[in-house]
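Asks: Have a look at this one.
Residue numbers (our numbering): 10 to 115.
Below, the structure written as structure tokens:
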């Protein structure tokens with residue numbers, strides 16, 4: 010008897026195997042990690058930063074002197090863009106290396 014694989018035609022596999030596979034796919038995946046610890050703090054910080062950047066133009070219209078201070082803040086933040094880009098590139102390279110090493114062990 011030939012070995013049954015997922016790539017075989019559906020009619021070639023027994024009906025019970027198809028039912029079990031369908032039920033398996035409908036089961037919730039319990040391996041998904043919850044958002045906690047440093048990930049939760051990072052998510053909150055990102056959301057707060059985006060909301061603050063969205064609020065700056067509105068505040069600048071309501072309070073013109075604030076527009077000058079906001080421009081100064083944004084100028085200082087713009088100086089961090091190259092450093093943040095380098096950090097992101099480093100994180101991507103490290104993630105690729107970690108994933109490729111873990112795939113090699115299996």
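All C-beta atoms in this analysis are idealised placements derived from N, C-alpha and C, irrespective of residue type, glycine included.
Give the straight-line distance between the Cα atoms of residue 93 and residue 100, rounded to the nearest whole angstrom.
Replies: What you label residue 93 is simply residue 84 of the chain shown in a count that begins at 1. What you label residue 100 is simply residue 91 of the chain shown in a count that begins at 1. Distance between the alpha carbons of residue 93 and residue 100 is about 10 Å.
Asks: Rounded to whole angstroms, what's the CA-CA distance from residue 72 to residue 105? Just pull it up for me.
Replies: Working through the chain shown from its first residue, we reach residue 72 at position 63. Working through the chain shown from its first residue, we reach residue 105 at position 96. The alpha-carbon atoms of residue 72 and residue 105 are separated by roughly 46 Å.
Asks: Sort 55, 62 and 49 by Cα distance to residue 80 and report the nearest one.
Replies: The residue you call residue 80 lines up with position 71 of the chain shown. Per the Cα distances, 62.
Asks: Would you call the CB atoms of residue 76 and residue 69 closer than 9 Å?
Replies: Sequence index remark: in the chain shown, residue 76 carries index 67 (1-based). Sequence index remark: in the chain shown, residue 69 carries index 60 (1-based). Yes, they are a contact pair.
Asks: Report yes if the CB atom of residue 44 is closer than 9 Å to the CB atom of residue 65, and no otherwise.
Replies: For the purposes of this step, residue 44 is identified with residue 35 of the chain shown, where counting begins at 1. For the purposes of this step, residue 65 is identified with residue 56 of the chain shown, where counting begins at 1. Result no, Cβ atoms of residue 44 and residue 65 do not sit closer than 9 Å.
Asks: I need the boundaries of the alpha helix (DSSP H) containing residue 63, first residue and last residue.
Replies: As a first step, residue 63 is located in the chain shown; it is residue number 54 there, counting from the start. It spans 47 to 71 - the alpha helix (DSSP H) in which residue 63 sits, taken as one unbroken run.
Asks: Compute every distance between the C-beta of residue 77 and the non-hydrogen atoms of the ligand NAP, then say whether any falls below 8 Å.
Replies: This structure simply doesn't include the ligand NAP, nor any ligand for that matter.
Asks: Quick check: the Cα distance between residue 97 and residue 55, rounded to an integer number of angstroms?
Replies: By 1-based counting over the chain shown, the position of residue 97 is 88. By 1-based counting over the chain shown, the position of residue 55 is 46. Those two C-alpha atoms are separated by around 15 Å.
Asks: Could you check the C-alpha separation between residue 107 and residue 95 for me, to the nearest Å?
Replies: Residue numbering aside, residue 107 sits at position 98 when the chain shown is read from its first letter. Residue numbering aside, residue 95 sits at position 86 when the chain shown is read from its first letter. Looking at the two C-alpha atoms, the distance is approximately 18 Å.
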